[in-house]
Amino acid sequence: MRKIAAGNWKMHGSRLQLDHIKALAERHKEAACDIIICPPAAFVSLARDYAGPLEIGAQDCHSEEKGAYTGDISAQMLAELGATHVIVGHSERRAGHGESNATVCAKARAAQKAGLIPIICIGETLEERKAGAAQHVIKEQLDDSLPEASDSTPFVVAYEPVWAIGTGMVPRLEEIDEIHQLCRSELRRSHPMLADETPLLYGGSVKGSNAAEIFSVADVDGALVGGASLKAEDFSPIIEALEQS
Ligand code: PGA
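In the numbering used here, the protein residues as written are 1265 to 1509.
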């Protein structure tokens, strides 16, 4: 399986900032991992022009192909702009836009139907972790957010503990290991044909300074990176750590 360094720009960036994509594309022409940048949808097409061997993803899509959904974007439209991936179920969407596991699952299916690979995010809140419910929450999110097993179209899972996103707090390596092992074994049960080929990304305060130790965890196949993906000089060391892992 090819490992993945994915950057989630969230609602950041500008035309000028696309130069960072150009710089990454030049610096990582023959990367030993897949590099995916997910800028705001408004920049997907322009970003594609700058991306060379890098892939471009989006941060969300609607679950329907078309219709009266003002302000929304379908997976098919993102594919037409040159996206290959789309993040679905990011905790900022789950919390800020009331997205349930069922919504996330419908979006993941819509992405697959449009030929995109969904990066399906899961993760517990701090309260859930403190209550000892992290494993239960993760199992439930996996059960209810992933597309059916009968479909052998690939997808990516990103474990992003909500409390680690943008906070500088990172779980202990044993905690990451425990959840990634849980995800792998759940996938083997629910999606036996895809389980060992499904990249499991870790996300939440990944930086150049902690990337190598996070990538040393056995079932971590890459990262979904927010803040540290905005500048080429910050994202490059993470890509290099992944290539060396
Ligand atoms: P962060 O965000 O790397 O800034 O913590 C990760 C994410 O939200 O995907």
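C-beta atoms are modelled at their ideal positions from N, C-alpha and C, and glycine is treated no differently.
Computed from a predicted structure; not experimentally measured.
**Prompt:** Expressed to the nearest angstrom, what Euclidean distance is found between the alpha-carbon atoms of Leu-1316 and Gly-1486?
**Reply:** The residue labelled residue 1316 in the question sits at position 52 within the sequence shown. The residue labelled residue 1486 in the question sits at position 222 within the sequence shown. Note on residue identity: the sequence assigns Gly, not Leu, to residue 1316. In a straight line, the C-alpha of Gly-1316 is about 21 Å away from that of Gly-1486.
**Prompt:** Does the ligand PGA have a heavy atom nearer than 7 Å to the CB of Ile-1502?
**Reply:** Walking along the sequence shown from the start, residue 1502 turns up at place 238. No, the Cβ of Ile-1502 stays beyond 7 Å of every heavy atom of the ligand PGA.
**Request:** Check whether the Cβ atoms of Ala-1306 and Leu-1342 sit closer than 8 Å, and answer yes or no.
**Result:** By one-based count along the sequence shown, residue 1306 stands at place 42. By one-based count along the sequence shown, residue 1342 stands at place 78. Cβ distance not < 8 Å, so Ala-1306 and Leu-1342 don't count as in contact.
**Request:** Could you please give the first and the last residue of the uninterrupted beta strand (DSSP E) stretch that includes Pro-1382?
**Result:** Indexing the sequence shown from 1 puts residue 1382 at position 118. Taken as a continuous stretch (DSSP letters only), the beta strand (DSSP E) holding Pro-1382 covers 1381-1386.
**Item:** Within-8 Å CB hit, Ala-1398 to chain D
**Value:** The chain inventory of the structure shown lacks chain D, comprising one protein chain alone.
**Asked** Would you call the segment 1449-1458 and the segment 1475-1490 touching, i.e. three or more CB-CB distances under 8 Å?
**Response** no
**Prompt:** Under a three-way DSSP split, which group does Glu-1328 fall into?
**Reply:** Within the sequence shown, numbered from 1, the residue matching residue 1328 stands at position 64. Coil, per DSSP.
**Message:** For the beta strand (DSSP E) containing Asp-1298, name the first residue and the last one.
**Reply:** In the sequence shown, counting from the first residue as 1, residue 1298 sits at position 34. First-last of the beta strand (DSSP E) with Asp-1298: 1298-1302.
**Request:** Locate the beta strand (DSSP E) running through Tyr-1466, then write down its first and last residues.
**Result:** To locate residue 1466, count along the sequence shown from 1; it is residue 202. Its beta strand (DSSP E) spans residues 1464-1467.
**Extent of the continuous alpha helix (DSSP H) run through Tyr-1314** = Counting from one through the sequence shown, the residue named residue 1314 turns up at place 50. Element bounds for Tyr-1314: 1308-1314.
**Message:** As an exercise, report each continuous beta strand (DSSP E) stretch of at least 3 residues that is fully enclosed by the segment 1375-1458, in chain order.
**Reply:** 1381-1386, 1420-1423
**Request:** With a 10 Å radius around its C-beta and 16 neighbouring C-beta atoms as the bar for buried, classify Leu-1380 as buried or exposed.
**Result:** Counting from 1 along the sequence shown, the entry for residue 1380 is found at position 116. It is buried - the Cβ of Leu-1380 has at least 16 other Cβ atoms within 10 Å.
**Prompt:** Tyr-1314: buried (16+ other C-beta within 10 angstroms of its C-beta) or exposed?
**Reply:** Taking the first residue of the sequence shown as 1, we reach residue 1314 at position 50. Per the 10 Å Cβ criterion, buried.
**Asked** Hey, quick one: how far does the alpha helix (DSSP H) through Glu-1497 stretch, first residue to last?
**Response** Within the sequence shown, numbered from 1, the residue matching residue 1497 stands at position 233. Counting along the chain, the alpha helix (DSSP H) containing Glu-1497 begins and ends at 1496-1508.
**Request:** Please work out which residues of its chain come closer than 6 Å, Cβ to Cβ, to Ile-1300, disregarding the five sequence neighbours upstream and downstream, and give them in chain order.
**Result:** Here the question's residue 1300 lines up with position 36 in the sequence shown. Once the five neighbours on either side are set aside, the close Cβ partners of Ile-1300 are Ala-1270, Glu-1319, Gly-1321, His-1349.
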